[in-house]
Structure formats: structure tokens, C-alpha cells
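A quick write-up on the structure given underneath.
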Amino acid sequence: MSKIMRKKICILNTGGTILARGDKNGYEAGGLGFLDVFGSILEQFKPDTKKSKKDHFVFANFSLDIITPFSIGSQDMDNAHLLRLGKEAIKASKKYDFIIITHGSDTLEESAFFLSLLKEIKIGVILTASMYPPNDKNYDGTDNLEFALKSALKSDIKSVIVAMNGELLEPKKLIKFKSWGKDAFCQSLAFDIGILDFKHFSLPKALPKVAVIYADGQFYPSLYNLKSLKGVVLAGMGSGTLPKNAIKFFAKLKIPVVRSSRVAMPKITSKEVNDKKYGFINANHLSPAKAKVLLMLALSKKSKD
Ligand code: ASP
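The letter at position 25 of the sequence shown is residue 39 when you use the working numbering, and the numbering goes up by one with no holes.
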């Protein structure tokens, strides 16, 4: 008798609004467990009750393991959590055929981009989130999770992708462009005018201290003591412009200074700020948050070599 080939899927839960416990006053991101929210979806797929047990489900053509490495609001996704997520995803990529990650929507861009840059991840990974909590009538987590699961089952995805609101979105292009609505995410059009590929990195043991500094027309140099930093990303204006006193201040630093922009879809040019002259690095189409992820990985690689 031939052996049944089941796709082995792992769900990694990290918290977020998609698993929030809430009442009429507000909610706590990640307050609920996966089965509290999605148990009924799994029922729809008719698990084999004899073979399934707690956190392990067997279906006709796939199996599902549910793992919760941590459960936080993604606004708390610091370097330690990012590294832990990378570690868990790499571990799962050795054991499973596909990974689905439930995540908060606030830093979905950074986490998806971070995972997409890791050399060790060679299987399909879909991250998903929700914009409304389970107790809200607009809850979008069920549709998003179902979409992520169906995409994992039917597609041949071998990279890191984000599934939101019926769309599969590339991490490098992903933008959360508004704070409400199921359609809060889109892809940056900037990448259509300049294709940009990135080097991949091995997961480092630690990430260096890099900060994003937001700039507007009024810059106060005396606010910043950046001695302990290993790198800076500037969220400048427009094409990455900065006021003159900010250019002077950052040009003097002895650490890498990356120029990005606060606009939703950056295209950083050297037309108004001469990167060569000041020793700045152009973030091209990367948002400040994603430029920070790339800079941290690039610097941690360097320090290990
Ligand atoms: N603050 C929440 C989070 O990022 C928002 C969300 O998930 O939509 O965890």
C-alpha cells in the first residue's frame, strides 16, 4: 500500500491582534491561544480524530503542528524577539514543509523582511495578521488565516510571503500604509521602477544597536548622544533630504549612516544630499524600519567575519 504524502505544516504564533483577548474597552494583543480562535476552522478541514492530539492535527492531505514561541503585541518585537523568531523559523524549516506565522500587524514589515533575508530558510513561509481583534464584528483574522492555510496547501511558494486581505505580498515591498481597515497593507510601487535584490545572511547570535532617527525641518543636534550606537538610519523627508545642521551632525559620526525617508514609498536620491561627500549610505527603496533590519544584519555579519 502506498504511503500517504501529507504536507507537514507548522504554525508559529507570536501574538498580535489576530490572537487578542478583548472587551469593549480595548484589547491585549496575543492574549488568546491559536485554538481558542481558530479551532473551528480546523474542524472544517475534518481532522482525523484518532491521529490528532493536543497541538498536533492530522488531516487527509496535511498535518499541522501548533507552536507558540511567545505571545506579544508586535510593538514589543525587539531584537531578542526577532532573533528568537528567526531561530524558531529555522528550526521549523528543517522539520516541516511549510511554516505559517501569526503576527501583529504593526511590525509585520520588519519581521517578514528579516526572515526573507535569512539564508537558512529555504521553504515557504507565510506570515499573516489581522487589523481587528477576534471580539470585533470586523475581525479579519479568520479570513486571513484561512487564506494563508489554503495558499500553503495549494501553492509552491518557497520564499517568505505575507498573506493579508486576499493578497500575497512580498516582504521587501510590503507597507502598512494606514492604521485601520482590512486593506491596511499594500506593496510599494517604488520597487517597480528599480528592482532591488538583497544579500542573504546567516542568523546572527546578536543584533547590533542601530537606531532610527526621524527628521523634519527643525533638527536639534543636542538631543542626541549616539556614542553607544553601531549604526543609524535616518527617516528623512521626500527623497531622503535633511536640514543642513542634521547633515553636518550625521556626517561627523564614525558609524554607518543610512538615509531613508519618512514617505510611504521611498526612492532615495543623491540629487539634494551628496552621499559620497558626507559618507552616507542610500537606502534606495527601503523604509527606515526595513533599512534598519538590513543594516543590523549587515553589521552583525561583519563583526563575526
Ligand atoms: N499592536 C498590534 C500588534 O502589532 C496591532 C495588530 O496586530 O494589528 O501586535
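All C-beta atoms, glycine included, are put in the ideal place defined by N, C-alpha and C. In this text the structure is predicted, and so the values were computed from the model without any measurement.
query = Do Asp-120 and the ligand ASP come close, with the Cβ less than 7 Å from some heavy atom?
reply = Locating residue 120 in the sequence shown gives position 106, counting from the first residue. Asp-120: yes, Cβ under 7 Å from the ligand ASP.
key: Alpha-carbon spacing of Glu-123 relative to Ala-94, whole angstroms   = Position 109 of the sequence shown, counting from 1, holds the residue named residue 123. Position 80 of the sequence shown, counting from 1, holds the residue named residue 94. The straight-line gap from Cα to Cα measures roughly 17 Å.
message = Please tell me whether Pro-257 and Phe-294 are closer than 8 Å, where the distance is taken between their beta carbons.
response = Against the sequence shown, residue 257 aligns to sequence position 243. Against the sequence shown, residue 294 aligns to sequence position 280. No, Cβ-Cβ distance for Pro-257 and Phe-294 is not below 8 Å.
query = Is Leu-210 buried or exposed, if buried means 16 or more other CB atoms sit within 10 Å of its CB?
reply = Against the sequence shown, residue 210 aligns to sequence position 196. Counting C-beta atoms within 10 angstroms of its own C-beta, Leu-210 has fewer than 16 neighbours from the protein chains shown and is therefore classed as exposed.
task = On the DSSP bridge assignment, give the partners of Thr-121 in chain order.
result = In the sequence shown, counting from the first residue as 1, residue 121 sits at position 107. For Thr-121, which the question treats as bridged, DSSP gives no partner whatsoever.
query = Taking the alpha-carbon positions, what's the Phe-127 to Asp-79 distance?
reply = For the purposes of this step, residue 127 is taken as residue 113 along the sequence shown, with counting starting at 1. For the purposes of this step, residue 79 is taken as residue 65 along the sequence shown, with counting starting at 1. Their Cα atoms are separated by approximately 24 Å.
Contact check, Thr-121 vs Met-91, beta carbons under 8 Å = For the purposes of this step, residue 121 is taken as the residue at position 107 of the sequence shown. For the purposes of this step, residue 91 is taken as the residue at position 77 of the sequence shown. Contact: yes.
task = Pick out whichever of Phe-205, Asn-296, Asn-259 and His-214 has its Cα sitting closest to the Cα of Ser-314.
result = Working through the sequence shown from its first residue, we reach residue 314 at position 300. Nearest in C-alpha terms to Ser-314, of all of Phe-205, Asn-296, Asn-259 and His-214, is His-214.
task = Pick helix, strand or coil for Ala-34, following the three-state DSSP scheme.
result = Numbered from 1 along the sequence shown, position 20 holds the residue referred to as residue 34. The answer is coil: DSSP assigns Ala-34 none of H, G, I, E or B.
ask   = Looking at the unbroken alpha helix (DSSP H) that takes in Gly-100, where does it start and where does it end?
value = Start at 1 with the first residue of the sequence shown, and residue 100 comes out as number 86. That run of the alpha helix (DSSP H) goes 93 to 109.
ask   = Can you list, in chain order, the residues of its chain whose CB lies under 6 Å from that of Leu-308, leaving out five sequence neighbours each side?
value = Here residue 308 is taken as the residue at index 294 of the sequence shown, counted from 1. So the list is empty, once near-sequence residues are dropped.
query = Does the Cβ of Lys-190 have 16 or more other Cβ atoms within 10 Å, making it buried, or fewer, making it exposed?
reply = Indexing the sequence shown from 1 puts residue 190 at position 176. When all chains shown are included, Lys-190 counts as buried.
ask   = Can you list, in chain order, the stretches of the beta strand (DSSP E) that have 3 or more residues and sit fully within the stretch 134 to 218?
value = Entirely contained in the stretch 134 to 218, the beta strand (DSSP E) runs reaching 3 residues are, in chain order, 138 to 142, 174 to 178, 181 to 183, 188 to 190 and 199 to 201.
inquiry  = Under DSSP, the beta strand (DSSP E) around Lys-21 begins and ends at which residues?
reply    = Position 7 of the sequence shown holds residue 21. Residues 21 to 27.
inquiry  = Do Ile-55 and Thr-156 count as a contact pair if the criterion is CB distance below 8 Å?
reply    = As a first step, residue 156 must be located in the sequence shown, where it is residue number 142. As a first step, residue 55 must be located in the sequence shown, where it is residue number 41. The beta carbons of Thr-156 and Ile-55 sit closer together than 8 Å.
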